[in-house]
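With the first letter of the sequence shown counted as 1, position 273 gets the number 286 in my numbering; the numbers rise by one all the way through. Glycine is no exception: its CB is placed at the ideal position from the N, C-alpha and C atoms. These numbers come from a predicted model, not from an experiment. Single-structure report; data block below.
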Amino acid sequence: MTSSLGSSGTSNGGLGKASNAAKDEVPNAIEVDHIVKKYGSFTAVDDVTFSVREEEIFGLLGPNGAGKSTLIRMMTTLIPITSGKARIAGHDVATDPDDARRAIGVIPQALTSDIDLTVEENLSIYAKLYDVPAAKRKQNIDELLELVDLTKWRSAQTKTLSGGMRRRLEIARGLVHSPKIFFRDEPTTGLDPVSRVAVWEMLTNIKSQRQLTILITTHYMDEADRLCDRIAIVDHGKLVALDTPPALKASVPGSNVIEAQFESAPADWEQTLHTLSKVTSVQHEGAGMYRILTAEGSRTTTELVEAAVHANVVVKSLSVQNTTLDDVFVHYTGRQLRDELVKAHAFTMPSRPGTQP
Ligand SMILES: Nc1ncnc2c1ncn2[C@@H]1O[C@H](COP(=O)(O)OP(=O)(O)OP(=O)(O)O)[C@@H](O)[C@H]1O
Ligand SMILES: [Mg+2]
């Protein structure tokens, strides 16, 4: 079985190739084969094929409405598949949904733990729901509370927890029946930067301690970059690229990004920037701001400053960075992921009476 595939009909240089060959003998935890989801005449997921190896953290990265949650819902037997197949731990989700369900833990995008119950009660209910034997239940809950750093809060009402703590409780709840494969839709949406890092560390720890396969969805590029072994970029229901974060970045022409803001630039300034050495693309972002991809940041920067002096253009700001997943997204879709996100409305955490961090 090939370990990574793209959706048919797309030309995606970022698809996993050599980097996967060495691990081909490891069985796949998830196999999605030409999967399609239609709502009436609208195609939410459009012929997507990929597989996730055991013990991998795999990310579905894409803007709002890309089809990430729909993919998770199909893989986790929550909605029927229009065509194609999904196998979870070897079980076909359409013909063998009960065995597929037993193998997985799922945490949906919305927070769903009961706020009027205590932390422990929320975990206990799920353990009973999944028929975890009574003797094992307490041990599992103790271990999980420790793992997500909520032991001190086991008797606290869930509504008194902070957003970050609730996310951690949901992670523990999804693991209460010791699944092999863990699906997490948007693990950190709505969290502050410190809580986000805490959730990332927690997921990484859990994976290493419990030999779990983890599939997350996210629209945060830094999250995908930091957390995932491999990333599938999804856009308008289609898989447009799939590989490790370094391989995806390497697949984009240019290795550095120069962000520069100019004052009193002439109308043909974008063309001038194109003529600088090693430049592979120039994007005008408005307000005198340009994003320039180059294969050699230092050389292009030197020439850029010289060109500005020559043309009497003021350089208001200048930064040189390595290529990011944002550039990868632009390369494969022609749009910027962060622009897509600005258009979308922000998710807000439900209000809470408690004041814990
Ligand atoms: N039950 C439904 N009926 C009709 N259209 C739907 C339904 N569920 C989802 N869609 C549409 O399918 C597309 C994909 O939605 P989905 O929720 O999978 O996106 P997403 O990538 O998870 O986005 P987000 O980042 O906002 O969570 C969207 O255009 C959405 O409006
Ligand atoms: Mg979603």
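beta-carbon residue i near ligand 1 non-hydrogen atom, thresh 6 Å
{"i": "N135", "result": "no"}
{"i": "G78", "result": "yes"}
{"i": "K81", "result": "yes"}
{"i": "Y52", "result": "yes"}
{"i": "A260", "result": "no"}
{"i": "A57", "result": "yes"}
{"i": "H232", "result": "yes"}
Residue range of the unbroken alpha helix (DSSP H) whose run includes residue i
{"i": "K151", "result": "147-160"}
{"i": "I85", "result": "81-88"}
{"i": "G176", "result": "176-187"}
{"i": "A113", "result": "110-115"}
Reduced DSSP category for residue i - H, G, I as helix; E, B as strand; rest coil
{"i": "D235", "result": "helix"}
{"i": "K193", "result": "coil"}
{"i": "R167", "result": "coil"}
{"i": "D242", "result": "coil"}
{"i": "H344", "result": "helix"}
{"i": "K36", "result": "Residue placement at K36 cannot be trusted, given a pLDDT of 48 that sits under 50; what the coordinates show is reported in the next sentence. Note: K36 maps to coil in three-state DSSP."}
{"i": "A42", "result": "strand"}
{"i": "L261", "result": "helix"}
{"i": "V207", "result": "helix"}
{"i": "E67", "result": "coil"}
{"i": "V106", "result": "coil"}
{"i": "D248", "result": "strand"}
{"i": "D339", "result": "helix"}
{"i": "I48", "result": "strand"}
{"i": "L225", "result": "coil"}
{"i": "I128", "result": "coil"}
{"i": "T230", "result": "strand"}
{"i": "L1", "result": "Missing from the structure shown is residue 1; the chain here goes from 14 to 370 and no further."}
{"i": "T56", "result": "strand"}
{"i": "T285", "result": "helix"}
{"i": "I120", "result": "strand"}
Nonlocal neighbours in the same chain, by C-beta distance under 7 Å from residue i, ignoring five residues either side
{"i": "G80", "result": "A57, V58, V247, G250"}
{"i": "V328", "result": "A273, F275, V318, A321"}
{"i": "V145", "result": "N153, V189, H190"}
{"i": "H323", "result": "none"}
{"i": "R186", "result": "S126, N135, L136, Y139"}
{"i": "A90", "result": "A small fix is needed here, since residue 90 is Thr in this sequence, not Ala. Taken in chain order, the residues that qualify are V106, P110, A113, R114."}
{"i": "A263", "result": "none"}
{"i": "A35", "result": "Only weak support is given to the placement of A35: the predicted model assigns it a pLDDT of 47, under 50, and the value that follows is read from those uncertain coordinates. Closer than 7 Å at Cβ, skipping near neighbours: no residue."}
Residue i Cβ short of 6 Å to ligand 2 heavy atom set
{"i": "K251", "result": "no"}
{"i": "Q122", "result": "yes"}
Terminal residues of the beta strand (DSSP E) in which residue i lies
{"i": "L136", "result": "Counting along the chain, L136 falls outside any beta strand (DSSP E), though it belongs to the alpha helix (DSSP H) covering 132-142."}
{"i": "I271", "result": "269-276"}
{"i": "I101", "result": "96-101"}
{"i": "D256", "result": "251-256"}
Cβ shell of residue i (< 6 Å), same chain only, five flanking positions each side left out
{"i": "L124", "result": "R179"}
{"i": "I184", "result": "V161"}
{"i": "E309", "result": "K291"}
{"i": "G97", "result": "D46, H47, I48, V49"}
{"i": "Q296", "result": "R304"}
{"i": "R209", "result": "T201"}
{"i": "E133", "result": "R167"}
Sequence-distant residues of its chain with Cβ nearer than 8 Å to residue i (five each side left out)
{"i": "K141", "result": "R150"}
{"i": "G301", "result": "Q274, F275, E276, A278, K329"}
{"i": "L289", "result": "I305, T307, T313, E316, L317, A320"}
Would you list, in sequence order, the uninterrupted beta strand (DSSP E) runs of no fewer than 3 residues that lie entirely inside the stretch 287-337?
292-299, 302-307, 327-335
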